[in-house]
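Engineer:
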Amino acid sequence: MSNSPNTNSSSGMIESAFRELMKGVYTCVPGYVISLIDSGSKQRAQIQVGIERVDVNGASFALKPIIDVPVHFPGGDYCIEYEINKGCEGLIVFSQRCTDGWKNTGGIAQNPIGRMHDLQDAFFIPGFRSNGNVLADFQNNGIRLRNKTGSQFAWLKNDDSIEIENGLGHIRMAADGTVTINNVVITPEGLITTPENIVWGDGAISGEDHVHSGVDPGAGNSGPPV
1 MSNSPNTNSS SGMIESAFRE LMKGVYTCVP GYVISLIDSG SKQRAQIQVG IERVDVNGAS
61 FALKPIIDVP VHFPGGDYCI EYEINKGCEG LIVFSQRCTD GWKNTGGIAQ NPIGRMHDLQ
121 DAFFIPGFRS NGNVLADFQN NGIRLRNKTG SQFAWLKNDD SIEIENGLGH IRMAADGTVT
181 INNVVITPEG LITTPENIVW GDGAISGEDH VHSGVDPGAG NSGPPV
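FYI, in the UniProt record's numbering the residues of the sequence shown are 1 to 226.
#1: Since G90 sits in a beta bridge, which residues does DSSP pair it with?
#2: Which residues in the same chain as K148 place their Cβ atom closer than 7 Å to its Cβ, once the five residues preceding and following it in sequence are excluded?
#3: Looking only at C-alpha atoms, which of I186, M22 and I192 sits nearest to R53?
#4: CA-CA distance, R97 and T178?
#5: Under the three-state reduction of DSSP, which class applies to I80: helix, strand or coil?
#6: Quick check: what's the CA-CA separation for I14 versus E20?
#7: Is F128 near G90, with beta carbons less than 8 Å apart?
#8: Does DSSP put G73 in a helix, a strand or coil?
#9: Taking the DSSP output, what are the residues bridged to V49?
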């Protein structure tokens, strides 16, 4: 069923004209990153709107890329910085007024051009994902800082434990303070348990296979390990 109004009536003609006018009013729309400008030095990107536009004749077309779009990095004096690559999906939101002055000065900026809800006054919030780009191994548990595949993460879990993983090594702190580093267990009292042989010092002395110098029968002490 068509969503186009019936233009045979005056009300239909008014509705059709209003719909065409509203096509130029931008509020928010999904999109994705084409490129990060100047390696992200100013946290700006070129963004592509992710939904086609339909003209008055019913033909669909992709909008031109939006240039110089501020990208959202949460925080103020302390913030979260993350990598933004080509294809990164998110939500494009549009300012009520021209942002040209604000981009340069911040604060209360002048409004040099009287445009409103314009395509050029965009901001990009990364992280909204289409079904083909969802996070693998998502865990609805505490908060986790991770890469897309889940092979690297730092995880504050809802049972008061903490885990850090990079695919080759791992650190886990249990709620009781016990720390496990690649199967080496350290208790809150400082006791260390390991399933492997301990080797220490510049001379690589083995805790399992070392021998002592100066060993004589009797009650005396042996020399240092060698």
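Glycine residues also receive a C-beta, built at the ideal position from the N, C-alpha and C atoms.
Quick caveat, the model's predicted, so the values are computed rather than measured.
Structural biologist: On the basis of the supplied data:
#1: G31 and P126, per the DSSP bridge assignment.
#2: Once the five neighbours on either side are set aside, the close Cβ partners of K148 are L135.
#3: Answer by Cα proximity: M22.
#4: Cα to Cα, the separation comes out at about 55 Å.
#5: Three-state result, I80: coil.
#6: Spanning the alpha carbons of I14 and E20 requires a straight line of approximately 10 Å.
#7: Yes, the pair counts as a contact, with Cβ atoms nearer than the cut-off.
#8: Inspection of the sequence shows that residue 73 is occupied by Phe rather than by Gly. Coil, per DSSP.
#9: Looking at the DSSP assignment, V49 forms a beta bridge with G31.
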